[in-house]
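To keep things clear, I will list the structure first and then write my remarks on it.
There are 2 protein chains.
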Amino acid sequence: MKKVKQITFAARPTGLPDASIFRIDEVPLPDPKEGELQLKGMFYSVDPYMRGRMNEGESYVPPFQVNNALEGGVVAEVTASRDPKFQPGDVVHGPYLPWRTEMTVPASAVQKVDASLAPPSYYLGVLGMTGLTAYIGLMDIGKPKAGETVVVSGAAGAVGSVVGQIAKHLGCRAVGIAGSEEKVKLLTEYFGFDAAINYNEPGLDDRLSTSCPNGVDIYFDNVGGEVSDAVMRQLNFFARVPLCGQISYYNATEVPTGPRWQGFMVTRSILMQGFIIRNYASRFREGIEFLAPLVKAGKIKSEETVAEGFEKLPEALLGLFSGKNKGKMIVKA
Amino acid sequence: MKKVKQITFAARPTGLPDASIFRIDEVPLPDPKEGELQLKGMFYSVDPYMRGRMNEGESYVPPFQVNNALEGGVVAEVTASRDPKFQPGDVVHGPYLPWRTEMTVPASAVQKVDASLAPPSYYLGVLGMTGLTAYIGLMDIGKPKAGETVVVSGAAGAVGSVVGQIAKHLGCRAVGIAGSEEKVKLLTEYFGFDAAINYNEPGLDDRLSTSCPNGVDIYFDNVGGEVSDAVMRQLNFFARVPLCGQISYYNATEVPTGPRWQGFMVTRSILMQGFIIRNYASRFREGIEFLAPLVKAGKIKSEETVAEGFEKLPEALLGLFSGKNKGKMIVKA
């Protein structure tokens with residue numbers, strides 16, 4: 001049987017993961033059975049939420065199994081099909097496919113992508129889970145109204161950059177927070193944010209209040225920690241805080257401590273809500289119909305950081321935790 | 001001009017207030033002008049939220065002014081009327097009346113109470129702001145479904161006791177947390193909670209998980225701090241947390257610290273929302289229509305702690321912060 005390369009999850013990390021948790025194996029590629037497809041990976045997605053799947057125990061997605069393949073979003077070409085709806089040459093996307101150079105999967109694990117609408121890799125980003133995460137979190141929890149101020153942390157990331165651009169499209173003031181001068185420039189000059197702040201420079205509180213003269217109505221939080229504390233202090237009455245991620249302490253080994261915001265949330269009637277995009281599958285079509293025309297018209301730009309070569313997957317994933325990516329981090333096979 | 005007694009706000013407290021912030025003065029009672037009423041106070045409400053009004057600066061209710069009367073909910077008898085809608089002898093209720101033995105106020109500051117439905121003092125509690133707070137917070141933010149588990153902190157208080165009884169009426173499991181064996185007994189034996197926990201005994205986590213075998217779907221939080229941390233650890237996926245009050249640190253002089261729950265809120269898709277009953281005035285009629293028949297039928301019981309004598313108001317208010325009240329704390333003139 002043909003052998004293909006696989007990125008194997010070698011060991012559960014404690015704290016910040018390093019290269020020792022990955023192993024490259026050769027595994028057999030079974031022939032497709034009835035209802036199955038054989039795929040050749042084109043683009044692989046690495047995402048911050050994968051850190052949670054490296055821990056044992058209950059979470060919203062089952063944990064990765066040690067000695068099995070890691071898995072994530074993949075855009076792939078169909079190389080053999082035993083399902084009448086797919087032909088060799090079709091380009092498909094699956095949100096939970098194994099990290100193998102080629103793979104045999106049930107046809108139900110993938111959907112065809114419309115390459116006429118956008119480059120195929122966009123289905124791992126702005127037209128995939130990250131774009132939909134931005135759309136659902138901002139619209140359903142943030143409920144933006146024209147003229148309001150939307151602050152986004154992790155703003156140069158795959159989700160954050162789309163949040164800011166949707167906010168601008170809806171007539172809001174968009175203010176992004178990111179971790180370098182280069183990212184801050186990208187936010188205002190490329191993504192069109194009204195203002196952007198480098199949280200690694202001193203005076204975050206002052207710069208936030210200068211950038212948000214009317215306070216903050218929506219805080220779309222990808223980061224958590226002290227950056228979030230600074231934004232919380234500026235929240236207006238009736239502010240909404242979609243909690244999308246907390247990457248600043250994904251690698252923490254104990255629950256971190258910080259200010260208890262609950263009293264302030266009472267005083268200001270603030271709403272805070274965690275959400276997981278998997279639970280909004282019935283809304284994906286609506287989200288893609290909202291996003292696709294804006295992407296096609298250039299109103300929502302997608303920034304990708306692309307690493308070349310299947311074997312770069314571990315490095316690309318680890319790079320997320322040191323802020324190496326601008327926009328969506330992708331590995332091209 | 002006739003003189004009446006007034007409880008004056010003598011000085012802003014730092015931290016836990018004591019008797020030195022109050023002063024009893026004699027002030028003139030003006031004759032009512034066109035559109036005004038003269039009232040004689042019958043029952044005065046003391047409420048935890050008043051602590052916030054003792055601080056300077058912006059909050060959801062304007063701060064008390066030093067050397068002016070304190071104010072709060074009062075049930076009073078009309079002694080003179082220059083408004084055709086009111087007659088001497090009518091019993092009225094106003095949420096923000098001055099703490100005076102008699103007072104002259106605009107007729108628009110009060111509403112008549114229906115004494116056939118419930119004793120007049122109930123309009124300071126279960127049919128007033130505290131009952132409506134329980135109703136709105138539980139229904140609008142908690143969104144209870146039959147079979148779910150509702151945990152209430154400050155459960156023996158004026159709001160908490162009503163939350164638990166509404167939850168029971170809707171077919172939920174109601175679990176109360178309070179600070180003494182006496183209150184715990186009151187919760188299960190009088191108010192009909194399914195279980196109640198004394199947070200001053202050791203093993204809060206264990207006793208919570210025993211009392212909530214299916215986890216916690218709604219946590220109605222009046223208290224905050226470490227009691228809330230224990231409940232947060234038991235929250236189910238998609239749990240809702242109405243934040244009504246945080247009395248455990250109303251007297252704190254710095255923002256207290258505690259676990260950062262945001263990461264957990266993402267993982268479990270948890271919603272947390274602060275609210276202020278003043279912002280729901282358009283729903284008060286609906287709330288009273290829901291509560292009044294249940295009160296009349298004895299399905300929602302009201303517990304009052306009544307102090308006798310107008311001059312007991314300062315002591316009654318201070319008593320809230322040491323847990324002296326069971327149910328609604330009221331002063332009878």
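Line by line, the protein sequences give chains F and W. If you count the first sequence from 1, position 154 lands on 154 in UniProt numbering, and the numbers rise without skipping. If you count the second sequence from 1, position 195 lands on 195 in UniProt numbering, and the numbers rise without skipping. Just so it is clear, CB atoms sit at the ideal spot from N, CA and C, and this is done for glycine as well. These numbers were taken from a predicted model, which means no experiment stands behind them.
Evaluate contact between the stretch 129-141 of chain W and the stretch 183-195 of chain W, counting only Cβ atoms and requiring at least three cross-stretch pairs below 8 angstroms. no
Is it the case that the Cβ atoms of alanine 19(F) and proline 202(F) are separated by a distance below 8 angstroms? no
How do the stretch 284-292 of chain W and the stretch 79-92 of chain W stand: do at least 3 beta-carbon pairs fall below 8 angstroms, yes or no? no
Through-space distance from aspartate 205(W) to serine 153(W), alpha-carbon basis: 14 angstroms
Closer than 8 angstroms by C-beta to valine 231(W): which residues in its own chain qualify, once you throw out the five before and the five after it? Chain order, please. Val151, Ser153, Ile177, Leu208, Val216, Tyr219 and Asp221
Could you pull out every residue in the same chain whose Cβ sits closer than 7 angstroms to the Cβ of proline 259(F), ignoring the five residues on either side in sequence? Asp229
Report yes or no: do three or more beta-carbon pairs, one from the stretch 93-105 of chain W and one from the stretch 25-39 of chain W, lie closer than 8 angstroms? yes
Is DSSP giving threonine 267(F) helix, strand or coil here? helix
If you draw a straight line from the alpha carbon of glutamine 273(F) to that of glutamine 6(W), how long is it in whole angstroms? 45 angstroms
How close, in whole Å, do the beta carbons of lysine 332(F) and threonine 305(F) come, if the pair is a contact with beta carbons under 8 angstroms? Not quite, the Cβ-Cβ distance comes to about 11 angstroms (not below 8 angstroms), so this is no contact.
Cβ of proline 202(F) less than 8 angstroms from any chain W Cβ? no
In three-state DSSP terms, what is serine 45(F)? strand
Integer Cβ distance of lysine 168(F) from glycine 192(F), believed to fall under 8 angstroms: 6 angstroms
For glutamine 234(F), collect the residues of the same chain with a Cβ closer than 7 angstroms to its Cβ; drop the 5 residues on either side in sequence, then sort them by chain order. Leu208, Ser209, Cys212, Gly215 and Val216
Interfacial residues, the stretch 87-103 of chain W to chain F, with Cβ spacing under 9 angstroms: none
Kindly say whether isoleucine 277(F), judged by its beta-carbon, lies nearer than 8 angstroms to any beta-carbon of chain W. no
With 16 other Cβ atoms within 10 Å as the buried cut-off, status of glutamate 36(F): buried
Taking C-beta to C-beta, are valine 74(F) and glycine 41(F) nearer than 8 angstroms? yes
Can you give the Cα-Cα distance for serine 269(F) and glycine 224(W), rounded to whole angstroms? 16 angstroms
Just to confirm, is the Cβ distance from serine 121(W) to isoleucine 330(W) under 8 angstroms? yes
Report the residues of the stretch 169-181 of chain F with a CB closer than 9 angstroms to any CB of chain W, ordered along the chain. none
Fully enclosed by the stretch 130-155 of chain W, which beta strand (DSSP E) runs are 3 residues long or longer? 149-153
At least one CB of chain F closer than 8 angstroms to the CB of proline 259(W): is that the case? yes
Rank Glu181(W), Ala11(W), Ala158(W) and Glu77(W) by C-alpha distance to the C-alpha of proline 63(W) and give the top, closest one. Ala11(W)
Quick one, are the C-beta atoms of alanine 158(W) and glycine 125(W) less than 8 angstroms apart? yes
Amino acids of chain F, ordered along the chain, whose beta-carbon sits closer than 7 angstroms to that of arginine 82(W): Per Cβ cutoff of 7 angstroms: no residues; arginine 82(W) is ~37 angstroms from chain F at best.
What's the C-alpha gap between serine 161(F) and aspartate 140(F)? 18 angstroms
Where do the ends of the beta strand (DSSP E) carrying proline 30(W) lie? That residue, proline 30(W), is in no beta strand (DSSP E); it is neither H nor E in DSSP.
Please state the DSSP three-state secondary structure of asparagine 279(W). helix
If we define contact as Cβ-Cβ less than 8 angstroms, is aspartate 31(F) a contact residue for chain B? Included in the structure are the protein chains F and W, with no chain B among them.
Exposed or buried, glycine 142(F), counting other C-beta atoms within 10 Å across all chains shown (16 or more means buried)? buried
Could you check if glutamate 56(F) is buried or exposed, using at least 16 other CB atoms within 10 Å of its CB as the buried criterion? exposed
Is it buried or exposed for alanine 195(F), if we count other Cβ within 10 angstroms and need 16 for buried? buried
Are there 16 or more other CB atoms within 10 angstroms of the CB of threonine 253(F), so buried, or fewer, so exposed? exposed
At 8 angstroms on the CB atoms, spell out the chain W contacts of cysteine 244(F), in chain order. Val266
Measuring only the C-alpha atoms, how far is glutamine 87(F) from tyrosine 44(F)? 21 angstroms
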